[in-house]
Amino acid sequence: MVLYGTVIRATSIKNRETKKDFACKNCGKIYTASSDILEYNQFKLPPVCGGEVEKAHNPFINMLNAMKKKGGAGFNKNFGGTHIGMCNSRNFLPIHGTAQYKDY
Ligand SMILES: [Zn+2]
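Letter by letter, the sequence shown follows residues 239 to 342 of the numbering used here.
Shown next, in the form of structure tokens:
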């Protein structure tokens, strides 16, 4: 069966973004946020980023640990280097082109 016809829209097209990917500005972890029409289409993102990032050791704490050991072997073992810590960033950037729309 073949139908022929013309689609006529009486009102202007309205759509809203329903989903969008956001990337943490600090660590780059990607979150897919959905918008809530009851919240004026605001995207819901976590309050802080739960991503894992490499963090430099706090040199002051390393110094205290080293003093507790009173020098000797391993005095320089914990200096420098990194450890894995929580990102805790609050800055999220929308990723262009990832939005999903819904017509209404
Ligand atoms: Zn992050």
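The C-beta atom is built at its ideal place from N, Cα and C for all residues, glycine as well.
- Item | beta strand (DSSP E) runs wholly inside the stretch 274-304, at least 3 long, in chain order | Fully enclosed beta strand (DSSP E) runs of 3 or longer: 290-294.
- To the nearest angstrom, report how far apart Pro-285 and Asn-279 are at their CA atoms. 17 angstroms
- Message: Measuring straight from C-alpha to C-alpha, what distance separates Ile-333 and Arg-254?
- Response: 16 angstroms
- Indicate whether Asp-341 and Lys-252 have their beta-carbon atoms separated by less than 8 angstroms. yes
- Message: Just verifying my parser: in three-state terms, what is the DSSP assignment at Lys-306?
- Response: helix
- Item | 6 angstroms Cβ shell around Glu-268 - same chain, five flanking residues per side excluded | Note on residue identity: the sequence assigns Ile, not Glu, to residue 268. Residues Asp-259 and Ala-261 of the same chain have their beta carbon placed closer than 6 angstroms to that of Ile-268, with the five preceding and five following residues left out of the count.
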